[in-house]
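Worksheet: the structure to be examined is printed underneath.
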Amino acid sequence: MVDPKNMTSPLNETCDPVGTSVNPFFMLVYSLLFLVGLLLNGLILKFYFCGAQQQASSSLMVYMKNLTAADFLLCLSLPLRISHYGSTSVIVWQLYCSFGASALFLNMYASILFMCYVAANRYLKIVRPSGTHVLQSVRTANIVSMVTWICLLAPSVTYGIMFLISQKPLTSIPNHCELLFSASVSLMLKIMHTFSAIIFLLVSISLVFFYYSISRRVLQAQQRQLASSGSEKLVKSRRNMLVLVSIFCVCFVPHHLVRILFVFLLNTCSVDPVLYYLKEAATMLSVFNVCLDPLVYFFLCKTFRAQVRKASRRTNIQQANTESQSTEEKLSIIKSSKSNQ
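In case it helps, the UniProt record's numbering puts the sequence shown at residues 1 to 341.
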């Protein structure tokens, strides 16, 4: 076992240690995210594959299924992230910096892209309510989803393989994964950062455009004083779009802003503690989307809301019946005791 307080880089430079006193906090938060996210997304996947079989498939449901699958896979990768906070094993760090990092990249940007597809689908629903646009077809949604996974899997798998092949023997734990990268892995990582930055910018611009366009249509309907069902649908669409934009801003904007600082301000060996904690907090927020994305499913899927309300009513009825039976038993006991007297 290696003492993390006496860490050296692969270049045999003495690295300034980063405090590990907050690691138990990180482990606790990620453990909660893992349990809650696994439960919520597992229930949604069960609903889609079991409860939604009687429904006709739609492009929205295809994107929502893939969004939930991305969140579920991210939940499955969290135990590796949790273990690296509490371990001083070089092997754990190597696994974390290879498979853990690539899993985070894969599922984070899958969530970002599928969230954008859901927003685009809702926007087209307003612009083309007849649903005749080619982008609104189930076939197109399946093709887009498959291409998305392939485009994200390719760099993730390539990075993991290159990392393991070019990995040099280590005798201690570095401050951060970047110290383990060879020249080829560093180049691959720069390509992935550029690729992810482009995705983030395009999705950000798209979400702002969708929300602005729907809000403008709502404002126009309100100015015309149209209290029709169409205007009510516009208001609901704006609310749904606001949910998507809010989750995106809370979970992914801080991560990308801090990531830019981390790339430009990172020294060769040492890590500024403030920068390190900012990066960890931003990453934690990005993982928090596994618990927030089910809100998207709740607001956008009418059938799912009906199932939740039905289950809630069933639970309330069972509780009421249990309380009623308990009350009747108490009354019968009281009556029997009085009759015995």
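No residue lacks a Cβ here, since even glycine has one placed at the ideal position from N, Cα and C.
Contact between the region 108–119 and the region 31–39 is absent: fewer than three C-beta pairs spanning the two stretches fall below 8 Å. Counting along the chain, glycine 86 sits inside the alpha helix (DSSP H) bounded by residues 59–86.
Between the C-alpha atoms of leucine 261 and leucine 275 there is a straight-line separation of about 8 Å. In the same chain as phenylalanine 26, and ignoring 5 residues on each side of it, the C-beta atoms closer than 6 Å to its own belong to Tyr85, in chain order. Serine 137: not part of any alpha helix (DSSP H); DSSP gives it neither H nor E. Take tyrosine 211, set aside five residues on each side of it, and the residues of its chain with a beta-carbon closer than 6 Å to its own are Met241, Val245, in chain order. Taking C-beta separations shorter than 7 Å and ignoring five residues to either side along the sequence, the partners of phenylalanine 248 in its chain run Met115, Leu207, following chain order. Distance from the CA atom of leucine 202 to the CA atom of lysine 190, rounded to whole angstroms, is 18 Å.
Boundaries of the alpha helix (DSSP H) harbouring phenylalanine 105: 101–127, taken from the DSSP string. DSSP places glutamine 94 in the helix class (H, G or I) of the three-state scheme. Assignment of serine 130 by DSSP, reduced to helix, strand and coil, places it in the coil class.
CA-to-CA, the gap between lysine 46 and glutamine 223 works out to about 43 Å. Counting along the chain, phenylalanine 47 sits inside no alpha helix (DSSP H), nor does DSSP assign it H or E at all. In this structure, the CA atom of threonine 88 is about 47 Å from the CA atom of phenylalanine 209. Restricting attention to Ala183, Pro155, Phe304, the CA atom closest to the CA of alanine 101 is found in Pro155.
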